[in-house]
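In my numbering, the protein residues as written are 37 to 757.
For reference, the structure is listed below as structure tokens.
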């Protein structure tokens, strides 16, 4: 698989970025070798252009040159996007900086105290308040214990002198700035403005200038580009990657994806045709190439003998890069694929309904139209103008009706649900039967395929049927467990259902009607709530917060419930909707916690973790009364310990490691009391997984619950990273 992660090794560089990076690194090292200046350097490029890779190469080369010259450097890599959505980005950066400097005491004696005091006097403590989370609270405690020097300029001079005297260069990289909300982008640039003039300090910022300039303009009402120029002294703009380079990289990497000799041979056989295929035009960055390759890696090996490889690549490119056109082809199969009396309909100019004429009238972009022509109209060889259906069958072409479904059913694999099931589900009124259908496809691991085809087949259904289907999905979500199979749970069955809820809501034209669907769902709960009711209300509130921060985009999950097109939002309707969200959010969280106290299996671990933090923040007294009841039994305490542990993990070399730091414990978990209870347990009699949790806790306890210390879950050895 091609990773979307930035490159680290120069051997993997396919675009000559490493030589560009070495020039920048060499210039920085030479320029600042004999002076104590500071500088802010910007790396500008669009999404997927390789900014993160370039930063990795620059820092790697700086470290190499510094080692050669026996120069002392400290590197802080800060990625604010990892903390996006949290408040107090500046305070989080402050803590990261202080921790980095504290870990380099031998190089910079006393500087962390000076910088902390300096930041305090620049009014940074206004960002540190109760309720900002454990990370910010820790930073506040650290800062409040420091000396209070009053002269800010003197503090600045002291810090500069420490850096100069120690002859240490401080390199701070800040990546993925353009992924932040406008207010967060502003915070980052203000942060750099405050700290960008320390002696011997280099900031390296990575961003898309257009996105950042627009965000700054929205915040300050002035030219955003001019604002950037006030902060960034040297700007490097990454050139866009040419179509020729993208095509070369795609072809070079394609055959190397597969181990099957026959498949590699076929790809090599068609390489010249692939290079000229119109889908190459969809690639705008390496990220596009890697996404496409990863999809092929999963799909092509199992079907390449049954399909035409060139046609498959074209169809797959539509699915990946223009799903509307992909769906349009499925819904208009009879127009694109026509067969009568054993012959293929000829696409002649006299044929008023010819496929080529039909494609020409579509409003899709030129790349999509060319792909559709290659798939369904005549090609440059002219053979399609007079060919019989047998040639299409031998060529396994998508334009033959017998092969069409093979291409467009790939995402469903062995999906074989009868048409009558879809008909009854979309157009029938038997709620119980429809829910049983969903239960069945879930049990057979066909949920995504089924919901995907319901969406496609209901394309022309009226609004009433769309509402009915959406209500069905919401009802069904009550019975499906929320499991974090990935870090954000995006791949779980539960999230699959909610994604299709959002997709269906988009097909209801009126915003008020869309919200009415959610209102009606919430009304089905009187006192006992499902976890889904809480999760939907909680994520809706998060979406509303993004709207208030002017950070809401079309890609956000519940954007459809806060988008009124070109019409302004009705304030009364908005107020009513938000009020209902908060009502359900508060009632459901307390109801769920009460039910968990009565039945410790009511919620799974991921569901319980979601509600605990919310209840503590919003119903502290209620939380304090009920939380102790969750850990009365030893097995329940061990479960909460495991939930705390798995809040922070890392993977390296096919191994997984877990951290256990103080901030990971849920409020109400007294470490000393836990240690005392464990000392009274018969650990040897515990199941192996519970025993591992106890052993990891004791190991972390002995080590002082250090942050950034990860233990191999199998051996409990400290992992290197």
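Just so you know, even glycine gets a beta-carbon here, dropped at the ideal spot from N, CA and C.
Counting the other Cβ atoms within 10 Å of the Cβ of residue 227 gives 16 or more, which makes it buried.
Taken through DSSP and simplified to helix, strand or coil, residue 687 comes out as strand. Excluding residues up to 5 positions away in sequence, 371 lie with their Cβ nearer than 7 Å to the Cβ of residue 394 in the same chain. Bridge pairing for residue 748: 693 [DSSP]. Taking residue 267 as reference, the option from 221, 278 and 307 with the minimal CA-CA separation is 221. Looking at the backbone, the Cα of residue 318 and that of residue 325 are separated by about 9 Å.
Take residue 614, set aside five residues on each side of it, and the residues of its chain with a beta-carbon closer than 7 Å to its own are 580, in chain order. Counting along the chain, residue 347 sits inside no beta strand (DSSP E); it lies in the alpha helix (DSSP H) bounded by residues 345 to 357.
For residue 114, the enclosing beta strand (DSSP E) covers residues 108 to 114.
Nearest in C-alpha terms to residue 290, of all of 512, 612, 713 and 310, is 310.
DSSP places residue 239 in the uninterrupted beta strand (DSSP E) bounded by 237 to 243.
Counting along the chain, residue 672 sits inside the alpha helix (DSSP H) bounded by residues 670 to 681. Taking all protein chains shown into account, residue 359 has fewer than 16 neighbouring C-beta atoms within 10 Å of its C-beta and is therefore exposed. Around the C-beta of residue 569, 16 or more other C-beta atoms lie within 10 Å, and the residue is accordingly described as buried. Fully contained in the stretch 49 to 102 are the following beta strand (DSSP E) runs of length 3 or more, in chain order: 75 to 80. Secondary structure of residue 340 (DSSP, three-state): coil. Here DSSP, grouped into helix, strand and coil, assigns residue 398 to coil. With distances taken between CA atoms, residue 602 lies nearest to 546 out of 546, 92, 627 and 478. About 6 Å separates the beta carbon of residue 540 from that of residue 502, a gap short enough to meet the 8 Å contact definition. Shown here, residue 309 sits in a helix according to DSSP, grouped into three states. For residue 208, the enclosing beta strand (DSSP E) begins and ends at 204 to 210.
A Cβ-Cβ separation of about 7 Å places residue 116 in contact with residue 213 under the 8 Å criterion. Comparing C-alpha distances from residue 619 to each of 79, 654, 338 and 469 shows the shortest one belongs to 654.
Rounded to whole angstroms, residue 99 and residue 197 show a C-alpha spacing of 23 Å.
Pairing residue 700 with residue 721 gives a Cβ-Cβ distance that is not under 7 Å. Around the beta-carbon of residue 295, fewer than 16 other beta-carbon atoms lie within 10 Å, marking it exposed.
Here DSSP, grouped into helix, strand and coil, assigns residue 217 to coil. Within the same chain, 405 come within 8 Å of residue 396 by CB-CB distance, once the 5 residues on both sides are set aside. Of the residues assessed, residue 719 falls on the exposed side of the cut-off, its CB having fewer than 16 other CB atoms within 10 angstroms.
In this structure, residue 217 sits away from residue 592, with a CB-CB distance that is not shorter than 7 Å. Measuring C-alpha to C-alpha distances from residue 118 to each of 597, 576, 128 and 726 identifies 128 as the nearest.
Here the C-alpha atom of residue 86 lies approximately 10 Å from the C-alpha atom of residue 80.
Taken through DSSP and simplified to helix, strand or coil, residue 271 comes out as strand.
The residue from 510, 432 and 316 with its alpha-carbon nearest to that of residue 284 is 316. Nearest Cα to residue 553 within the set 685, 499 and 321: 499. In chain order, 700 place their CB closer than 6 Å to the CB of residue 683, counting only its own chain and leaving out the 5 sequence neighbours on each side.
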